[in-house]
Amino acid sequence: MQKQEFTITVYTENHIGLLVRIATMFSRRKINIESLNTSPSEAEGIHRFTIVINEFEEVVRKLARQIEKQVEVLKAYYNTNDEIVWQELALYKVSTDEIAEKVKVERLLRENGARAVVIRKDYTIFETSGHREETDKLVEVLAPYGLIEFVRSARVAIIKASHGFHEKLKEFEETEPGEDQVENEFLDKQNEVFTM
Amino acid sequence: MMETLAVEQEPIVTKTQTLSGSQAVLEAFVAEGVDTIFGYPGGAIMPIYDALYDYHDKLKHILVRHEQGGIHAGQGYARTSGKCGVLFATSGPGATNLVTGLADAMIDSTPLVCITGQVYAHLLGTDAFQEIDVINITTPVTKWNYQVTDATEIPAVLAKAFYIAKSGRPGPVLIDITKNAQLQQFDYEGYQPCTHIRSYRPKPIIRKEYVAAAAELINKAEKPFIIFGQGVILGKAEKEFKAFVEKTGIPAAWTILGLSALATDHPLNVGMLGMHGNYGPNVLTNDCDVLIAVGMRFDDRVTGRLDKYAKQAKIIHLDIDPSEIDKNVKATVGVWGDCKETLPMLTKLVESKVYPHWVNRFREYQLEEEKEVIHEELNPSTDILTMGEVIRNLNELTDGNAVIVTDVGQHQMVACRYAKFNQSKSNVTSGGLGTMGFALPAAIGAKFGAPERTVVAIIGDGGIQMTIQELGTVMQSEVNIKVLILNNEFLGMVRQWQQLFHDKRYSFVDIASPDYVAVAKAYKIEGQKVSQREYLRDALTTMLNHNGSYLLEVMVGKENNVFPMVPQGCSVSEIRLK
């Protein structure tokens, strides 16, 4: 087993201070957060954290449990890259003169699916979204033509197998939680347990 | 400015009752059945103290000498009463002084509600006098914390605080209330206790399949072994646990916080686990075929080297906190749930059995430990007093009915190894955090939590000097506690390690003591010092019979070691008897 990229998705209440509470889960274990995004989710009033780390699965599993234990956290999931669809947004500022002069730049931008967001006399801002390798590649090809500024957002990800949080939230709102709410991992390992 | 604005903007309607935020805090306490508050006033919490002035018939307030003392007292109170400890501290240093106690309560799962004062909301973030970001400082050491800046939030926030502190796996909660919110008048509509928070599930749902799977493993076992922790006490499941042990006939050993959940003289109680635990339980952990862990968290001091811990055994782990299962030791069957509910389910499914040969193996190891360690510790052949014989005498005099509060170090290990307990919630110690200075204030709280019981604080000469100022609290509150100092003129546990693992290079462990009896006297507490065996028994009797608090200092052997011992990095079965 080796370290790999995991995306942790955390559904939470939208409360002040929760970011710190979640962040300390990582810093306490000396784990570097590669990317962190907070946003609203599909369920009203529920916030969604998307956190990317490089770790062993065992570590991530325990971490997800510790996060889920926090009072204001409803649920924490973790997934490998092939279990999610993910995107990062990048912005590039380049000199407008360069683009106008050099036809090659225009072609490069088109090939990389870049869209112009702002066009001014002195500079133009392009955006792309995609995986890290794709946004990195455009940085590389633009470099010789004078990339003035570059920034990339945190990852946002959708879990392929997820049915969203609407139904889950209803269960959480029940005072007496239903059977479905139990996510005892041993459920998947019934055969192993019972044949031992 | 802000609070007057808030008041002015309120619509003039038929008011149920107008209260200040401070009064709402105290109303919440009364509604939650709080009877004792430990605290220390200061600028930012003055409105609450002002309101408290009118509540003195409903709420007893114990003025401590330091906020750390206050929070340890709150912990002691919670541990002996089974209720929630409550305390007040002011902003800034008052709040930061709570941090050690919060960390201690967090790791030992002690329910606490701490109220800290905070500067006016409009001063937040301005580096105002005694302003500190207490929420962020305490985030890693609280189960939950929250800052109130508007009094209308107070009833609901306090209801949530008590609910979170006490439910599920208990823990400390800190509520920081800005001064304007304490002063603010608002329409009070009564107190509603909290029973549900949608993002918080204190108790996982019990799945019968896993209880059944656990029972099947137990029924097939030939050498099963139960290890239990504080979960049994916190779950108030002592009776259920005893019934389970007795029906299955399985020997049971305890973690330091599980101590007293099962009477120490119970025939199936085989002793203490871990680094300074008993010989049999440690060695046989690596020999049993089914290990049943009840309400414990496999701390490294219990498991020793993890990759050599009970590898041969199937592990059943009962815990209310799902994140504990598989955290340190991989469970074969994890039974999620409150052991108050899971144990009876399990008891129903297990066969009634006895394991005479297996239980006898624990006895054999016990005999060897008696011969090599225990006999000499409890009945020394030299003139030098041992900690063990002090505890033996204390056992004989209290008959195992006292609450024993210990600090941290050698005396703690000796006291926990040898103290006799007949009833639960009798052992109060700082287990997870190992906080020196815990015992004296915790004993004060323990006595308020269990006023009818004898409370003996056993403390080393290091620990007592960390919170000795709480003798002032003892004096003023007139609490009746027995302070038993076991003085070996060293920071004994560190010295023991330096002797065993650092070539006897005694680096800064030689600690001088004041004249404790004189110090006590200055606080109007009677006491005496004993260094000879012939006076020990009488001195202990005097201490126990004294009407009021008493301090007894016993001079014990300087370089005695606590054995057995599982050296760090070794397997539990590599436990040394000398």
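Chain order of the listed sequences is A and B. Residue numbers for the first sequence follow numbering that gives the first Met the number 0, beginning at 0 and rising by one. Residue numbers for the second sequence follow numbering that gives the first Met the number 0, beginning at 0 and rising by one. For glycine and all other residues, C-beta sits at the position ideal for the given N, C-alpha and C.
Residue pairing of glutamine 411 of chain B in beta bridges, as defined by DSSP: absent, with no partner found. Around glutamate 12 of chain A, the beta-carbon contacts reaching into chain B at under 7 Å are Ser198. Under the three-state reduction of DSSP output, histidine 71 of chain B falls in the helix class. The shortest CA-to-CA distance from tyrosine 522 of chain B to any of B:Met564, B:Val478, B:Gln497 is the one to B:Val478.
Collapsing the DSSP output to three states places glutamine 117 of chain B in a strand.
Contact of leucine 73 of chain A with chain B is assigned, a C-beta pair being separated by under 8 Å.
Each residue's CA atom was taken as its position, placing lysine 577 of chain B and aspartate 126 of chain B some 56 Å apart. From the beta-carbon of threonine 8 of chain A, no residue of chain B is found nearer than 9 Å; the closest lies around 15 Å away. For glutamate 172 of chain A, the closest Cβ of chain B is nearer than 8 Å. Serine 351 of chain B is classed as exposed because its beta carbon has fewer than 16 other beta carbons within 10 Å across all chains shown. At a cut-off of 8 Å between beta-carbon atoms, isoleucine 163 of chain B makes contact with chain A. Runs of the beta strand (DSSP E) spanning 3 or more residues and lying entirely within the region 476–540 of chain B occur at 481–486, 525–529, in chain order.
The alpha carbon of glycine 336 of chain B has as its nearest neighbour, out of B:Pro321, B:Val349, B:Leu485, B:Lys347, the alpha carbon of B:Pro321.
Burial state of histidine 60 of chain B is buried, judged by a 10 Å Cβ sphere holding 16 or more other Cβ atoms. Using a 10 angstroms sphere on the CB of glutamine 495 of chain B, the tally of other CB atoms reaches 16 or more, which defines it as buried. Counting of Cβ neighbours within 10 angstroms places alanine 517 of chain B among the exposed residues, the total staying below 16. Residues of the region 39–62 of chain A with a C-beta less than 7 Å from any C-beta of chain B: Lys61, listed in chain order.
With its beta carbon at least 8 Å from every one in chain B, arginine 28 of chain A lies outside the interface. Contact note: threonine 15 of chain B does not reach chain A at a C-beta cutoff of 9 Å; the least C-beta distance is about 26 Å.
Rounded to whole angstroms, tyrosine 534 of chain B and isoleucine 174 of chain B show a C-alpha spacing of 50 Å. Nothing from the region 139–156 of chain A brings a Cβ to less than 9 Å from some Cβ of chain B. Secondary structure remark: continuous alpha helix (DSSP H) runs of at least 4 residues inside the region 209–245 of chain B, in chain order: 230–233. Residue pairing by DSSP places alanine 251 of chain B opposite B:Ile225, B:Asn268 in a beta bridge. With a cutoff of 8 Å on beta-carbon distance, alanine 445 of chain B and valine 402 of chain B are scored as near each other. No Cβ of chain B is located within less than 8 Å of the beta carbon of glycine 163 of chain A.
For the 8 Å CB-CB criterion, glutamate 488 of chain B and serine 512 of chain B form a contact. Excluding residues up to 5 positions away in sequence, Gly167, Ile319, Gly336, Asp337 lie with their Cβ nearer than 7 Å to the Cβ of lysine 202 of chain B in the same chain.
The count of Cβ pairs closer than 8 Å, one atom from the region 364–379 of chain B and one from the region 278–294 of chain B, reaches three, so the stretches are in contact. Collapsing the DSSP output to three states places glutamine 146 of chain B in a strand. Residue environment analysis places glycine 73 of chain B among the buried positions, since at least 16 neighbouring C-beta atoms fall within 10 angstroms of its C-beta. Below the 7 Å Cβ cutoff, chain A contributes no neighbours of asparagine 218 of chain B, its closest Cβ being approximately 13 Å away. Nearest to threonine 148 of chain B by alpha-carbon distance, out of B:Ile176, B:Asp502, B:Ala164, is B:Ile176.
The beta-carbon of threonine 23 of chain A is placed less than 8 Å from the nearest beta-carbon of chain B.
Annotation for isoleucine 196 of chain B: Lys159, Tyr162, Ile163 place their beta carbon closer than 8 Å to its own, counting only its chain and skipping 5 residues before and after. Under the three-state reduction of DSSP output, histidine 545 of chain B falls in the coil class, being neither helix nor strand. When C-alpha distances from glycine 257 of chain B are compared across B:Ile574, B:Gly248, B:Asn268, the shortest belongs to B:Asn268.
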